[in-house]
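Numbering (my numbering), first residue to last: 23 to 801.
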Ligand SMILES: [Zn+2]
Ligand SMILES: [Zn+2]
């Protein structure tokens, strides 16, 4: 079967885009040339028995970036490696970490060496442990006592890890809730800690990132208490400014290794834009064909050409739709082909998943539609082509998915199919944003007072907080401690601040949420709690009548009880999705940073946002057609957060030639598009941020467009918008100007969450306002 397979590349792409009705859809083709491996010698400090162990696993020599990371860490320099998928980031930290443990053993004596490995998920830690066992099976060769420590560990396993563990694999949650508060019992482990590995660290962004930054500071303080000063090694997907991010996350100076020495085959990346198919959008706006429908067509064509293809689809339902549609299309050609396509999603039993993986590897299956594979921990390689239906949120994730294509040195094909929204449309029409140097940065705000406070309490419970400790927790720590003391949560004594409350201080912070009491989702029939939602987003996501997708399953919300913080739901897939719409007011509390762009101004500061969810839209799946808008009666919510805003004075507005009546619509359109584009720079989701625009704002006296973080205290997104304002707002201008619609559509200025029903919107006016703003922007 393999011998008949063609090499995927430009040839196949030509055939995919050949039919006349498809000719406009291919917006860009980029051939990323093959790269040869760059090798390095094993660093001198790696003992021969480890070199032999890796040799037995087929690793003859490290790639250059792996050796670079290993040497930096061995010399005690904190380092972050930021390279592509499958570039073997783990070897970089395993060399110094395992060498250190074995070296300490050889030296003998009481003082050994330990390693703490942190991953954002339990599953990844377990994979890593399996990898360690495979590398060091212990049959006469070198041994390292490794264990995972997570919510599933038994009491015996925990005791063993505490008493004997040398390489402990856990997550920030366990560190926060169990290991740091119980540090006395982990004294042996912490006192010998030589390396802290923070894997997949780009996941620690937004509010979660701020929590993890605080947990790492608490860890450093505990280590210091036991006389240890571990070296931090971080691993990240390719993002902009990995060193800046890692430095913020750890609070330590971190250097970055970004030159990837791993080899790869030639990759042809195609960008694909579905056509406008109807005028059924809001106010008669044109609507594009769905990315799912388009993906099914392409998958069918590739399978018909015998190209082994994986299609990534954002939702479970989308996955099923793509697989079913592809099968139907193929059945019309050759029924035997239809059987070689399947769907792959969460919720399958492990044995079913393994069977699918095997079938794809053997070539028995040719096409597979899958939800994000990394979340599922699937093991699929050996593909020829990857289709990505809709931007997966970050550039790093897109490259990770496309990187699944290519077997060894074989050529590979990747196709990114845009959805009908501003960011996807911008990306397929501005390929340099995907192909050039990364502009997206993992961001968070380590000084968020809502995050800082609970961690100061937790730290004080672990060990009384001294004056010197405050520097570790940042410039806001002093104010934070004073406020907590006034509130009676901390008590000041000569030896520092003490936690004197009876509660467990670590319970004050839920590191996976952004503060406040989370709203629980309870399944009506069973009483089972499915999960929780942040209070700040509950009105918009679990209002009565909302369709809530949880682990791919679709639930309908029956009621939202705001006194009890409970939403009652039942399992149902009604065939539509819902979008909450909210009206918003904003007041400036304080301006923290300001930049003049000629007569215009760009600002960052604290704001008070008053929001009310007023209605929701029902949209048909998969066409996106609006079925109805239903009113809602929910109370106002206020949010103290951080915003970026820009202003234009009236004389500049006059120069634009826009009549006063068009100013509100122009500002509103610019606001919507800028919210759509910020995720490209700030690794957030458009649902994490909100906006307000007005022709004259009472606090600025000028035309003002605000974009704010949707989390109490801010999540770093608005701050990143301020820092990257010129690039971000230029991209916003480009996204609007290059959209081929006439008067605005979901691909440019219409927003699915607009509380004003996408009115008024003035597409051309938005471009003129942004031109006036950007005229004096720094290049
Ligand atoms: Zn448009
Ligand atoms: Zn709006």
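Ideal Cβ placement from N, Cα and C applies to all residues, glycine included.
Nearest neighbour of residue 410, chosen from 307, 340, 356 [CA to CA]:
For the purposes of this step, residue 410 is taken as the residue at position 388 of the chain shown. Looking at the Cα atoms, 340 is the closest of the given residues.
Excluding sequence positions up to five away, which residues of its chain have a Cβ less than 6 Å from the Cβ of residue 395?
Looking up residue 395 in the chain shown gives position 373. Bear in mind that a pLDDT of 49 at residue 395, under 50, signals an unreliable position, so the number given afterwards is only what the model happens to contain. Cβ neighbours of residue 395 beyond the five flanking positions: none.
Heavy atom of ligand 1 within 7 Å of residue 769 beta-carbon
The residue you call residue 769 lines up with position 747 of the chain shown. Correct: residue 769 has its Cβ closer than 7 Å to ligand 1.
Decide if the stretch 602-611 is in contact with the stretch 630-643; the criterion is three or more beta carbon pairs, one per stretch, under 8 Å apart.
yes
Compute the minimum distance between the beta carbon of residue 773 and the heavy atoms of ligand 2, and state whether it is under 7 Å.
Taking the first residue of the chain shown as 1, we reach residue 773 at position 751. Indeed, a heavy atom of ligand 2 lies less than 7 Å from the Cβ.
Whole-number beta carbon distance between residue 702 and residue 753, since they are thought to touch under 8 Å
Locating residue 753 in the chain shown gives position 731, where the first residue counts as 1. Locating residue 702 in the chain shown gives position 680, where the first residue counts as 1. Right, the Cβ-Cβ distance comes to about 7 Å (below 8 Å), so this counts as a contact.
Residue 208 to residue 118, Cα distance in whole Å?
Residue 208 sits at position 186 when you count from the first residue of the chain shown. Residue 118 sits at position 96 when you count from the first residue of the chain shown. Roughly 23 Å between the two C-alpha positions.
Cα separation between residue 608 and residue 275?
Counted from its first residue, the chain shown places residue 608 at position 586. Counted from its first residue, the chain shown places residue 275 at position 253. So the two alpha carbons sit approximately 37 Å from each other.
With respect to the beta strand (DSSP E) encompassing residue 139, which residues constitute its N-terminal and C-terminal limits?
As a first step, residue 139 is located in the chain shown; it is residue number 117 there, counting from the start. Start and end: 136-140.
Is DSSP giving residue 64 helix, strand or coil here?
As a first step, residue 64 is located in the chain shown; it is residue number 42 there, counting from the start. Residue 64: coil per DSSP, three-state reduction.
First through last residue of the beta strand (DSSP E) which encompasses residue 407:
Position 385 of the chain shown, counting from 1, holds the residue named residue 407. First-last of the beta strand (DSSP E) with residue 407: 407-411.
Going by other Cβ atoms of all chains shown within 10 Å of its Cβ, with 16 needed for buried, is residue 190 buried or exposed?
Taking the chain shown and counting its residues from 1, one reaches residue 190 at position 168. So residue 190 ends up on the buried side.
Are the beta-carbon atoms of residue 331 and residue 405 separated by less than 8 Å?
Counting from one through the chain shown, the residue named residue 331 turns up at place 309. Counting from one through the chain shown, the residue named residue 405 turns up at place 383. It is a contact, given that the beta carbons lie within the stated cut-off.
Rounded to whole angstroms, what's the CA-CA distance from residue 786 to residue 284? Just pull it up for me.
For the purposes of this step, residue 786 is taken as the residue at position 764 of the chain shown. For the purposes of this step, residue 284 is taken as the residue at position 262 of the chain shown. One C-alpha to the other measures close to 46 Å.
Counted within 10 angstroms of its Cβ, other Cβ atoms place residue 244 as buried (16 or more) or exposed:
Working through the chain shown from its first residue, we reach residue 244 at position 222. Buried, since its Cβ has 16 or more Cβ neighbours within 10 Å.
Quick one: does the C-beta of residue 776 sit closer than 7 Å to a heavy atom of ligand 2?
The residue you call residue 776 lines up with position 754 of the chain shown. Yes, ligand 2 has a heavy atom inside 7 Å of this Cβ.
Just to confirm, does residue 694 get its C-beta within under 7 Å of one of the non-hydrogen atoms of ligand 2?
Mapped onto the chain shown, residue 694 falls at position 672. Under cutoff, so the answer is yes.
Is it right to say residue 445 is buried, meaning 16 or more other beta carbons lie within 10 angstroms of its own, or is it exposed?
For this step, residue 445 is matched to residue 423 along the chain shown. Buried, because 16 or more other Cβ atoms sit within 10 Å of the Cβ of residue 445.
Contacting residues, own chain, Cβ-Cβ under 7 Å from residue 233 (five flanking each side not counted):
As a first step, residue 233 is located in the chain shown; it is residue number 211 there, counting from the start. Cβ neighbours of residue 233 beyond the five flanking positions: 473, 531, 533.
Between which two residues does the alpha helix (DSSP H) harbouring residue 90 extend?
Your numbering for residue 90 matches position 68 in the chain shown. Note, residue 90: alpha helix (DSSP H), 86-96.
Identity of the residue in 426, 123, 485 nearest residue 435 by Cα:
Along the chain shown, one-based indexing puts residue 435 at 413. The shortest Cα separation from residue 435 among 426, 123, 485 belongs to 426.
Residue 798 CB to nearest heavy atom of ligand 2 below 7 Å
On the chain shown, residue 798 is found 776 positions in, with the first residue counted as 1. Not under cutoff, so the answer is no.
Would you be able to state if there are at least three C-beta pairs under 8 Å between the stretch 663-674 and the stretch 761-772?
Touching, no.
Going by C-alpha distance, which of 710, 728, 712, 709 is nearest residue 718?
Translated into the one-based positions of the chain shown, residue 718 becomes position 696. Comparing Cα-Cα distances from residue 718 to each of 710, 728, 712, 709, the minimum goes to 728.
Close-in-space but distant-in-sequence residues of the same chain around residue 705 (CB under 6 Å, 5 per side omitted):
On the chain shown, residue 705 is found 683 positions in, with the first residue counted as 1. 227, 416, 462, 464.
Pull up the distance between the alpha-carbon of residue 488 and that of residue 553, whole angstroms please.
In the chain shown, counting from the first residue as 1, residue 488 sits at position 466. In the chain shown, counting from the first residue as 1, residue 553 sits at position 531. Between residue 488 and residue 553, the C-alpha separation is close to 38 Å.
So, do the stretch 158-166 and the stretch 58-78 have three or more beta carbon pairs nearer to each other than 8 Å?
Cβ pair count under 8 Å is three or more, so yes.
Taking the alpha-carbon positions, what's the residue 201 to residue 797 distance?
Along the chain shown, read from residue 1 onward, the residue named residue 201 stands at position 179. Along the chain shown, read from residue 1 onward, the residue named residue 797 stands at position 775. So the two alpha carbons sit approximately 54 Å from each other.
Residues bridged to residue 592 [DSSP beta-bridge criterion]
Translated into the one-based positions of the chain shown, residue 592 becomes position 570. Beta-bridge pairing links residue 592 to 578.
Limits of the unbroken beta strand (DSSP E) element including residue 233
Residue numbering aside, residue 233 sits at position 211 when the chain shown is read from its first letter. Premise fails: residue 233 lies in the alpha helix (DSSP H), 228-247, not in any beta strand (DSSP E).
Pop quiz: residue 788 and residue 692 are said to be a contact at Cβ under 8 Å. What is the actual Cβ separation, rounded to whole angstroms?
Numbered from its first residue, the chain shown carries residue 788 at position 766. Numbered from its first residue, the chain shown carries residue 692 at position 670. Residue 788 to residue 692, Cβ: 4 Å. Contact.
Could you give the first and the last residue of the continuous alpha helix (DSSP H) run that contains residue 181?
For the purposes of this step, residue 181 is taken as residue 159 along the chain shown, with counting starting at 1. For residue 181, the enclosing alpha helix (DSSP H) begins and ends at 177-186.
Residue 398 - DSSP class collapsed to helix/strand/coil
Numbered from 1 along the chain shown, position 376 holds the residue referred to as residue 398. For residue 398, the predicted structure reports a pLDDT of 47, less than 50, and the residue's modelled location is therefore unreliable. A value from the coordinates is still provided. Here residue 398 sits in helix by DSSP.
Are the Cβ atoms of residue 296 and residue 311 separated by less than 8 Å?
Looking up residue 296 in the chain shown gives position 274. Looking up residue 311 in the chain shown gives position 289. Yes.
Which of helix, strand or coil DSSP assigns to residue 309
For the purposes of this step, residue 309 is taken as residue 287 along the chain shown, with counting starting at 1. Reduced to three states, the DSSP call for residue 309 is strand.
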